[in-house]
Amino acid sequence: MSRDYHMKTIPGNTKPVSYRSYITGFIISLSFTFSAYGLVVAHLNTGHRWPGDHVLLPIIIVLALAQFIVQLVYFLHLGVEPRPRWKLLVFGFMTLVVAILVFGSLWIMNNLKYNMSPGGTDTSIIKDEGIHK
Amino acid sequence: MSELHSALPAAPHDDSKTVFGFWVYLMTDCVLFASLFATFSVLRGSTFGPHGGAELFSLPFVLGETLLLLTSSFTIGMAILAAQRGLKSQVLAWLTVTFILGAGFLGMELTEFTNLVREGNSWARSGFLSGFFTLVGTHGLHIASGLIWMVVMAVQIHLRGLGRSTLRRLTLLSLFWHFLDLIWIFIFTIVYLMGAVQG
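Protein chains in written order, with my numbering: chain F, 1 to 133; chain U, 1001 to 1199.
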């Protein structure tokens, strides 16, 4: 009786979670972490030459986002709930708010810096507009 | 109609609502962290002299912290799997392992903070360090509350066994802990790795 009682799914999930899911998630997360770390160490060891800044930064950001999605799926089991998928909906709304918040802040503050930094304004405008003194 | 309704199992629905409510909390916590990440990114260049992330942080040390937290996120998953099968002693063992890994992570983070403050690089030194301590400190505070929750959870499971309510609470705890590792991926990448690259 008590054994049957215990053999049930975790609240909020339709299916029992599996070992496979956690082990897959763990291995992929580890490999992404080590790849990002290894690339940055290679970059530092070659005196910021290989891989270059403009290639390396997008790569480590993509690796972070990929690991984020892997852990959401394999650890937090996002997307396995029955319809209607409220968790996914709230998650989507959160992503929207976060995107507006982060990109909006950076955009506004960079613009302020461009327009208001003392001394720097003249030089940046001269440079951007291609004015030759 | 009412007979039909009472014949249906009434219980399972409530637990999934609790989990959903907790999920909504986690998503709002994401927004909190997003605002701290935005603040940090804006203040990134406002260092005191040349003291940026590249000089202040040790990458191998931070990799160690990351591995501790990632492994603890995996071991709490093992606790959930054991709970699903009703194996009480295994659940307690995995919770203990998770607690030790989490405490190790928090200890390393506090060591890093103490060293920074001792060398004169406290939150009062520059905008960059204020942003850094607020962001990473808020995450550390979440970890500390998660550790307290884990102790309470272990005591409850020990005393009451794996009933429906303890299973529900354990599920929420595991969601919280996995969530903290999600946030750490971005702290590791944006604060430490990008800090080392950009100097």
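Backbone N, C-alpha and C define an ideal beta-carbon position, used for all residues, glycine too.
**Request:** Have a look at U:Val1024, U:Val1117 and U:Glu1055 and flag the residue whose alpha-carbon is nearest the alpha-carbon of F:Leu44.
**Result:** U:Glu1055
**Cβ separation of U:Gly1053 and U:Tyr1192, assumed to be a contact under 8 Å, to the nearest whole Å** = About 7 Å separates the Cβ atoms of U:Gly1053 and U:Tyr1192, confirming a contact at the 8 Å cut-off.
**Message:** Check for me: the alpha helix (DSSP H) holding U:Pro1060 runs from which residue to which?
**Reply:** Segment Leu1059 to Gln1084, the alpha helix (DSSP H) holding U:Pro1060.
**Message:** DSSP three-state label for U:Phe1133, please.
**Reply:** helix
**Message:** Let me see if you follow: with CB-CB separation under 9 Å, is U:Phe1188 close to chain A or not?
**Reply:** The structure shown contains no chain A; its protein chains are F and U.
**Message:** Suppose contacts are defined by Cβ-Cβ distances below 9 Å. Is F:Ser105 in contact with F:Gln71 by that definition?
**Reply:** no
**Item:** Backbone CA spacing between U:Thr1096 and U:Leu1170 [nearest angstrom]
**Value:** 13 Å
**Asked** Along chain F, in chain order, which residues have C-beta atoms closer than 9 Å to that of U:Ile1080?
**Response** Chain-ordered, the chain F residues with CB closer than 9 Å to the CB of U:Ile1080 read Ile10, Val17 and Tyr22.
**Request:** Would you kindly report the start and end of the unbroken alpha helix (DSSP H) that includes U:Phe1099?
**Result:** Lys1088 to Arg1118
**Message:** Nearest by alpha-carbon distance to U:Phe1033: which of U:Phe1179, U:Met1150, U:Ser1046 and U:Leu1135 is it?
**Reply:** With distances taken between Cα atoms, U:Phe1033 lies closest to U:Leu1135.
**Prompt:** Quick one: does U:Phe1061 have its CB under 9 Å from some CB of chain F?
**Reply:** no
**Item:** For U:Ser1046, three-class secondary structure by DSSP
**Value:** coil
**Item:** Per-residue burial, F:Phe103 [other beta carbons within 10 Å of its own, 16 or more giving buried]
**Value:** exposed
**chain F contact residues for U:Leu1193, given Cβ-Cβ distances below 8 Å** = Ala36, Tyr37, Val40 and Ile60
**Message:** I need the straight-line Cα distance from U:Met989 to U:Met1150, nearest angstrom please.
**Reply:** As shown, chain U starts at 1001 and ends at 1199. That puts residue 989 of chain U outside it, with no answer to give.
**Request:** Taking only beta carbons into account, state which residues of the segment 97-119 of chain F come closer than 7 Å to chain U, listed in chain order.
**Result:** Answer in chain order: Val97, Val98, Leu101, Val102, Ser105, Leu106 and Met109.
**Asked** Mind checking if F:Trp86 is an interface residue toward chain U, Cβ cutoff 9 Å exclusive?
**Response** yes
**Message:** Checking 9 Å against the spacing of the C-beta atoms, do U:Leu1026 and U:Gly1131 come in under that value?
**Reply:** Here U:Leu1026 is not near U:Gly1131, since their CB atoms are 9 Å or more apart.
**Request:** Give me the Cβ distance between U:Ser1174 and U:Ile1076, rounded to the nearest whole Å; I'm assuming they're in contact under 8 Å.
**Result:** 5 Å
**Item:** Three-way DSSP call (helix, strand, coil) for U:Phe1188 in this model
**Value:** helix
**Request:** Would you identify the three-state DSSP class for F:Ala36, choosing helix, strand or coil?
**Result:** Looking at F:Ala36 - three-state DSSP - the assignment turns out to be helix.
**Message:** Within 10 Å of its beta-carbon, does F:Lys87 have 16 or more other beta-carbons around it, so buried, or fewer, so exposed?
**Reply:** buried
**Asked** For F:Pro82, which of helix, strand or coil comes out of DSSP?
**Response** coil
**Request:** Under the assumption that U:Leu1147 contacts U:Ala1103 (Cβ atoms under 8 Å), give the Cβ distance between them as a whole number of angstroms.
**Result:** Indeed they touch by this definition, with Cβ atoms about 6 Å apart.
**Item:** Anticipated Cβ contact below 8 Å, F:Val17 with U:Gln1084, distance rounded
**Value:** 7 Å
**Asked** With a CB to CB cut of under 8 Å and the five nearest residues on each side skipped, what residues in its chain are close to U:Gly1045?
**Response** Phe1128
**Asked** By how many angstroms is the C-alpha of U:Val1197 removed from the C-alpha of F:Ile126?
**Response** If you take the alpha carbons of F:Ile126 and U:Val1197, they lie about 29 Å apart.
**Message:** Considering just the uninterrupted stretch of the alpha helix (DSSP H) at F:Pro61, what are its terminal residues?
**Reply:** The identity of residue 61 of chain F in the sequence shown is Ile, whereas the question assumes Pro. Taken as a continuous stretch (DSSP letters only), the alpha helix (DSSP H) holding F:Ile61 covers Asp53 to Tyr74.
**Message:** To the nearest angstrom, how far is the alpha carbon of F:Lys113 from that of F:Ile100?
**Reply:** 19 Å
**Prompt:** What residues in the segment 44-69 of chain F have a beta carbon less than 8 Å from any beta carbon of chain U?
**Reply:** Leu44, His48, Asp53, Leu56, Leu57, Ile60, Ile61, Leu63, Ala64, Gln67 and Phe68
**Request:** Closer than 8 Å by beta-carbon distance: list the chain U residues that pair up with F:Leu76, in chain order.
**Result:** Leu1175, His1178, Phe1179 and Leu1182
**Prompt:** Is the Cβ of U:Gln1154 closer than 9 Å to any Cβ of chain F?
**Reply:** Contrary to the premise, residue 1154 of chain U reads as Ala rather than Gln in this sequence. It does not; no Cβ of chain F falls within 9 Å.
**Message:** Three Cβ pairs or more, each shorter than 8 Å: is that satisfied between the segment 1115-1123 of chain U and the segment 47-58 of chain F?
**Reply:** no
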